RNA sequence: GACAAGGUGGCUGAAUGGCGAAGGCAACGGAUUGCAAACCCGUUUUGUAUGAGUUCGAAUCUCAUCCUUGUCUCCA
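Residue numbers (the working numbering): 136 to 622.
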């Protein structure tokens, strides 16, 4: 059985055996959100994907330092490197301080991440908290002669870097093709070459967020913060760098160029890219407005939705697709996932009531092995879930008396399922807080219903069942007794 | 236009050369039930965009065609 973890590396375009730089330790960096508006569901998918990866690495016994940044310094608007900082722009619109915007949406982001049951990163650094580091890297690259100062701004010299470097190695692009593909800029551009990108940008007088530097009062370039923060906390070279597919070029390409220029070494061994979540077949994007907010999903308050969905149902839905595949969102697909999710969680709960037998009628070890096999194959969660449903069928058969399981197998299967469902997939019960008073009320109702059924008063019995069902409480009659689930 | 990833059953979504193409959902039949729900068993007939090629054998490899999406400008 293949027990080694294989990861698809964008750099090579192949699945590779994962070998960390330091045995049993993993350094992982993921590009975080820009906090100038609410995170939409597409953003969430990326972070949920990497949360699953983080969780599986932890489960596999690695000590992981997981760094995910908060971009709070803003980015520029247009391709001429001129324009207003996004955060400053939004601040003006809402008549707030830039850092007020940052605070608001950072808090919102963390709350959404909490609802999706993602683990907090080990370090969550901010761009504005690392201005000094970014200035130092800029100085470093200038000293290496791979950047130039122009009118108070500092630009990375892609052409010069490319003499010895290989700009485009990650995204499979060639610089001459890129140049021919760029739109003509007017002669006033500060850049020597359209491919060059800013390391430091001089601020216009109206620009609110700015800091002093050796070159001007200004702000750091778009790609620099990730280089500064990743290398600061994970070293010049680290294991895993993740992010959305849309960041592959130019953002990650620039990170490689910056890192190599500053340290002489390729910064990252494994580049991982999570694919897009689409809505109506199109990528979710802040700029095009084709978005769905998590809150709308949880409340059902959106025309695209037939009902509200619990965050765990959404997470399960995402886990049913592979992280490198495009996933199309639809209310219909989510309804199907909800049913499957309930089926899985019900079986998990039923597992606790199962009585072991002398022997097992099915091979629990191979089931458990199939879980690991799926995850070791580039975190294949859809296959993991399919394999877990084999176990679900087994559990239900045992419950119905059509199969048996031995005590040791029961223990193994239970702990494996718990580990994969809760620890790795990061799911948890989707029930609303079942308080003791509800429990007491339900016991009374079930008692009344039992009495009615004993007296063959089907009208009363069915009335109770149907009205509870309308209220979202399902009554389940079984041989062992009556139970209920709250949805 | 350049580059990249795709097009799989009623829906969703796995599987990269090998017996009957996973799983979830849906539908139908049966079992169960006071009737249902849940669970169990079974079924859904030529289901891998189209056309050619390589091969003993192709969803998978090659070529062509059509279509979709992404990146090339801030984006997860």
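Here a beta-carbon is modelled for each residue, glycine too, at the ideal position from N, C-alpha and C.
Bear in mind that the values here come from a model prediction, so they are computed numbers and not experimental data.
Here the alpha carbons of residue 468 and residue 449 stand approximately 10 Å from one another. The beta-bridge partner set that DSSP reports for residue 261 consists of 205. DSSP, read as helix, strand or coil, puts residue 224 in helix. According to the DSSP assignment, residue 376 belongs to the beta strand (DSSP E) that extends over 373 to 379. The criterion of a C-beta distance shorter than 7 Å is not satisfied by residue 353 and residue 363. Under the Cβ criterion (8 Å, minimum of three pairs), the segment 440 to 459 counts as touching the segment 557 to 568. Scanning its chain for C-beta atoms nearer than 7 Å, with the 5 sequence neighbours on each side dropped, one finds around residue 308 the residues 384, in chain order. Distance from residue 491 to residue 456 at the Cβ level is roughly 35 Å; contact not present, criterion being Cβ atoms closer than 8 Å. CA-to-CA, the gap between residue 278 and residue 399 works out to about 13 Å. The Cβ atoms of residue 544 and residue 496 do not sit closer than 7 Å to each other.
In this structure, residue 189 sits away from residue 510, with a CB-CB distance that is not shorter than 7 Å.
Under the three-state reduction of DSSP, residue 512 is assigned to strand. Beta-bridge partners of residue 407 (DSSP): 377.
Only exposed fits residue 159, as fewer than 16 other CB atoms lie within 10 angstroms of its CB.
Judged by beta-carbon spacing, residue 166 lies beyond the 7 Å limit of residue 369, meaning their Cβ atoms are not closer than that value. Sequence-distant partners of residue 180 (beyond 5 residues in either direction) whose C-beta falls short of 6 Å from its own C-beta, in its chain, are 412 and 453. Counting C-beta pairs closer than 8 Å gives three or more between the segment 327 to 336 and the segment 292 to 311, which meets the contact rule. Counting C-beta pairs closer than 8 Å gives three or more between the segment 525 to 533 and the segment 477 to 484, which meets the contact rule.
In chain order, 159, 160 and 161 place their CB closer than 8 Å to the CB of residue 198, counting only its own chain and leaving out the 5 sequence neighbours on each side.
Shown here for residue 259: same chain residues with a beta carbon closer than 8 Å to its own, the five before and five after excluded, namely 167, 202, 203, 204 and 205 in chain order. Of the residues assessed, residue 406 falls on the buried side of the cut-off, its CB having 16 or more other CB atoms within 10 angstroms.
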